[in-house]
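Under the working numbering, the first residue of the sequence shown is numbered 77, with each subsequent residue one higher. Even glycine gets a Cβ: it sits at the ideal position worked out from N, Cα and C.
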Amino acid sequence: MRDSRLRVTPSWRTADFRSFRRCALLLAAISLCACERPSLSGVASEASDEPAPQYRNVAAATAYVGDGACAKCHAQEAAAYSPHAMAQSFHRWTPSARIETVLEKPLYNAPSGYSYTVVEVGHQLYQVESMGAAGGKAVHQLRRRMDYVMGSGAVGQSYFTEENGRLFQLPLTWYRERGWDFSPGYEKNNGRFDRLMPDRCIACHSSYPRALPHLEGKYADLPPGIGCERCHGPGALHVAERTAAIRPDSGVDRTIVNPARLSLQRRVDVCEQCHVHTSVAVLREGKDAFSFLPSQLLRDQYAFFRVSGSIDIVSHADRLKQSKCFIATRTSARPLECATCHNPHAPPPDARTRNQPCLSCHTTAALAQRLTRSPAVAAHAPAADCVSCHMPREQERAVHGSFTEHWIRIPEAGAARAAPTPYADGPIEPYFERDKRGPDAKVYQGMGEIVYATLAGNHQVLGDGVAALDSALGGQTSRANAHFLLGVANQQLGLTEESIRALEQSVRADSNRPEVLRALAQAYSRTARAPAEINRLYERALAMQPALAWIRAEYAGFLEEQGRRDEAKTAYRRALDEQPSLAVAWFDLGAIFAEEGRTSESSSAFKKAVELDPLLAQGLSPLIRIGTTGKVVTSVKSLAVLPVRAQDSRAPHVAVDASGTPAVLFLGVPARGFVQVLTADGTPLRSLPSGAGGTVRWDVLSETGNPIPGGLYRAIVKGYDASGRAAAPQSFYFGVVRQRSG
77 MRDSRLRVTP
87 SWRTADFRSF
97 RRCALLLAAI
107 SLCACERPSL
117 SGVASEASDE
127 PAPQYRNVAA
137 ATAYVGDGAC
147 AKCHAQEAAA
157 YSPHAMAQSF
167 HRWTPSARIE
177 TVLEKPLYNA
187 PSGYSYTVVE
197 VGHQLYQVES
207 MGAAGGKAVH
217 QLRRRMDYVM
227 GSGAVGQSYF
237 TEENGRLFQL
247 PLTWYRERGW
257 DFSPGYEKNN
267 GRFDRLMPDR
277 CIACHSSYPR
287 ALPHLEGKYA
297 DLPPGIGCER
307 CHGPGALHVA
317 ERTAAIRPDS
327 GVDRTIVNPA
337 RLSLQRRVDV
347 CEQCHVHTSV
357 AVLREGKDAF
367 SFLPSQLLRD
377 QYAFFRVSGS
387 IDIVSHADRL
397 KQSKCFIATR
407 TSARPLECAT
417 CHNPHAPPPD
427 ARTRNQPCLS
437 CHTTAALAQR
447 LTRSPAVAAH
457 APAADCVSCH
467 MPREQERAVH
477 GSFTEHWIRI
487 PEAGAARAAP
497 TPYADGPIEP
507 YFERDKRGPD
517 AKVYQGMGEI
527 VYATLAGNHQ
537 VLGDGVAALD
547 SALGGQTSRA
557 NAHFLLGVAN
567 QQLGLTEESI
577 RALEQSVRAD
587 SNRPEVLRAL
597 AQAYSRTARA
607 PAEINRLYER
617 ALAMQPALAW
627 IRAEYAGFLE
637 EQGRRDEAKT
647 AYRRALDEQP
657 SLAVAWFDLG
667 AIFAEEGRTS
677 ESSSAFKKAV
687 ELDPLLAQGL
697 SPLIRIGTTG
707 KVVTSVKSLA
717 VLPVRAQDSR
727 APHVAVDASG
737 TPAVLFLGVP
747 ARGFVQVLTA
757 DGTPLRSLPS
767 GAGGTVRWDV
777 LSETGNPIPG
787 GLYRAIVKGY
797 DASGRAAAPQ
807 SFYFGVVRQR
817 SG
């Protein structure tokens, strides 16, 4: 790994990554099943790059028509495809297709303290989250209906709940081999009911949903399963010309892609658009999750990166390309490829017929002659199952299930796996050759490192990635995505001016992306920029996509900070009408009502926030009211709003000091540490050293010298224990009500 070229500030080490992760994942997708690879010899084998036939349905914008239109003429193919796992990859949950049981014994998630069960109510299944207290009494319970299923059930099924059209993943997945368990990633980083469906996921599980501009997780149309047009491209042109009896061009129908006529590499790319699983996938500039079309090169759509020396065993296409069978036949008339064994227009092969591709080269007679003096000859009888031995099921490194290993090889009993080979240029390595040596290789390497660092919570790699990307960009000004990622990464490193420069360049390159305008507005708010500039950025972002509830809620906080209370309340209500599960927005709205003395309405909003996220109850114990005149804090007082559980007096917590100069006190802070004050989404506001420890005094001002607005905040405490070792960071929420006068 390269040496770090940036000094990392405390804001990165302690910040809540939710806001930055949201930005980074707009440009990337992740694999949740990374594992060690038996051997690594560089980039996977790539077939020759032969040009594709010019299919007119991908050469010009063409509409999708859906599977029903295809089945009218291709009934036999449609009937054969319908039972395939791909056709069942995404659909609404229905009692008639149910394969799950209820779950009575709760599954406990230790990092978060939540437990989960599955219950049946009126022939509908729900996942239920609960949190207990001493004596076994539940102090929190929240349930969500299982509305959509992702996965055919061959290995497992994950579930999504719908809220006003938005799809959120649920914490539990049904695994065929072991029943209920946590969905991938939830055991370590429990997303509860807030993990929004990314476009990258639905792009591989549904046949081209009709996406809403600038909005992930909510779609105008969401067809079930992977359909015909995923492999053949949009069908409107083909349907129009065939129904009009227009003759095909020169005997070859170029109105729709026929994968059989593509070069090997482009045929494999059709499969790899969904069957390559690497740790990071960065979209190329100008691409989105739905822009790849059959006959195009996948390497022009994505820059894939895997953790150095590793690969995901469910990355079937890549594993196949490591196999001698693929390498030896790739220039032949009938190479061994994905479709050799997986014909989507035929029923899945049974245990006997799946061996036929193997026997076409490795005949029984040839094997008998070759293995005459080998004890393995008995295992190669005519009725032997080639696949179970040479493509074994892997469970050790899979998550809660097993998969067919597509690295075809001769198993060596007792042979140790080779140690992974680190990639010389960083913690992640490119999948495609163009990202090792191409003209934009260093740009995408830097982008990949930033995304990887965000997902892994690795501040040193983040600093490396920022420095690498900044260097690689040089004077390039047209790469909007790269400058955006550089900007939000610099913001997390506490480099505000560098962040602003990168974000301004991203806006100059492409001013029609709400998430970039919002990031620039947030960066401006940490400087002395005029509020009118910040306001314009938020309004432009929301004019492009009014349904971006999280941006509208953030804008409401900005309005409240400016004293525009009525506008802030309107913005919070609009955000919550669009996305009622925004717990922090409920809390912040409650703080405005409390400022106005509207006790009933503030209590109702606070209760709603705590129902959605019980940890937010910390913000009410106590709720701190600060009085301000202009930029001067004139008073600090504790308010009792809701009864909450007693806290350990030895743990770090917040109190008020009304004697002398008004201030907030952080108590129980370790020696030689600091308290980091952040907004609820992780934006740093102030870093306060603890000195000798015990108590840290805060004047309730941000780094810009302004009193903080009302709302929910988070404190993260770091320091050293009695032995001098770094103590584990501790965090808690606290709430503020701001009373303005003058």
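Sequence-distant residues of the same chain with beta carbon closer than 7 Å to residue i, five excluded per side
i: residue 814; result: 671, 702, 704, 783, 785 and 786
i: residue 823; result: Residue 823 is absent from the model: the chain starts at 77 and stops at 818.
i: residue 795; result: 745, 746, 747, 748, 749, 766, 769 and 803
i: residue 668; result: 636, 641, 644, 645 and 786
i: residue 335; result: 307, 343, 346 and 370
Terminal residues of the beta strand (DSSP E) in which residue i lies
i: residue 528; result: No beta strand (DSSP E) contains residue 528, which is instead part of the alpha helix (DSSP H) from 517 to 532.
i: residue 167; result: 166 to 168
i: residue 243; result: 242 to 245
i: residue 358; result: 356 to 359
i: residue 226; result: 224 to 226
i: residue 203; result: 200 to 208
i: residue 251; result: 248 to 251
i: residue 806; result: 806 to 816
i: residue 762; result: 760 to 765
i: residue 233; result: 232 to 239
i: residue 286; result: 286 to 288
i: residue 699; result: 699 to 705
i: residue 773; result: 770 to 774
i: residue 328; result: Neither: residue 328 is in no beta strand (DSSP E) and is coded neither H nor E.
Beta-carbon proximity list for residue i, same chain, < 6 Å, skipping 5 on both sides
i: residue 623; result: 291 and 654
i: residue 510; result: 375
i: residue 339; result: 126
i: residue 205; result: 190, 192 and 218
i: residue 715; result: 699 and 701
Contacting residues, own chain, Cβ-Cβ under 8 Å from residue i (five flanking each side not counted)
i: residue 799; result: none
i: residue 433; result: 412, 416 and 417
i: residue 585; result: 553, 554, 555, 556 and 559
i: residue 435; result: 462
i: residue 469; result: 478, 479, 480 and 481
Residue interval of the alpha helix (DSSP H) (run including residue i)
i: residue 266; result: No alpha helix (DSSP H) holds residue 266; DSSP gives it neither H nor E.
i: residue 635; result: 625 to 637
i: residue 576; result: 572 to 585
i: residue 371; result: Residue 371 -> no alpha helix (DSSP H), and no H or E assigned at all.
i: residue 662; result: 659 to 671
i: residue 541; result: 535 to 549
i: residue 466; result: 462 to 466
i: residue 365; result: Segment: none, residue 365 is in no alpha helix (DSSP H) and carries neither H nor E.
i: residue 646; result: 641 to 654
i: residue 615; result: 607 to 620
i: residue 278; result: 275 to 281
i: residue 593; result: 590 to 601
i: residue 153; result: 151 to 157
Per-residue DSSP class, three states only, for residue i
i: residue 751; result: strand
i: residue 319; result: helix
i: residue 144; result: helix
i: residue 794; result: strand
i: residue 262; result: coil
i: residue 506; result: strand
i: residue 181; result: strand
i: residue 219; result: strand
i: residue 568; result: helix
i: residue 311; result: coil
i: residue 139; result: coil
i: residue 684; result: helix
i: residue 744; result: strand
i: residue 293; result: strand
Contact with chain B by residue i, beta-carbon distance below 8 Å
i: residue 527; result: Reference to chain B is not applicable here, since this structure consists of a single protein chain.
Original post:
For the 8 Å Cβ check, are there 3 or more pairs between the region 553 to 564 and the region 352 to 364?
Top reply: Touching, per the Cβ criterion.
Original post:
Quick one: any contact between the region 744 to 754 and the region 626 to 635, if contact means 3 or more CB pairs under 8 Å?
Top reply: At 8 Å Cβ cutoff, the stretches do not touch.
Original post:
Just checking, does the region 533 to 549 make contact with the region 511 to 524 on the three C-beta pairs under 8 Å criterion?
Top reply: Touching, yes.
Original post:
Is the region 731 to 744 in contact with the region 706 to 716, if contact means three or more CB pairs nearer than 8 Å?
Top reply: The region 731 to 744 is in contact with the region 706 to 716.
**OP:** Determine, using beta-carbon pairs with one atom in the region 124 to 137 and one in the region 262 to 270, whether at least three such pairs fall under 8 Å.
**Re:** Segments in contact, no.
Subject >> Complete runs of the beta strand (DSSP E) confined to the region 401 to 441 [at least 3 residues] >> reply: Inside the region 401 to 441, DSSP marks no whole beta strand (DSSP E) run of 3 or more residues.
Original post:
For the region 564 to 572 against the region 590 to 599, are there 3 or more C-beta pairs whose distance is under 8 Å?
Top reply: Between the region 564 to 572 and the region 590 to 599 there are three or more C-beta pairs closer than 8 Å, enough to call the two in contact.
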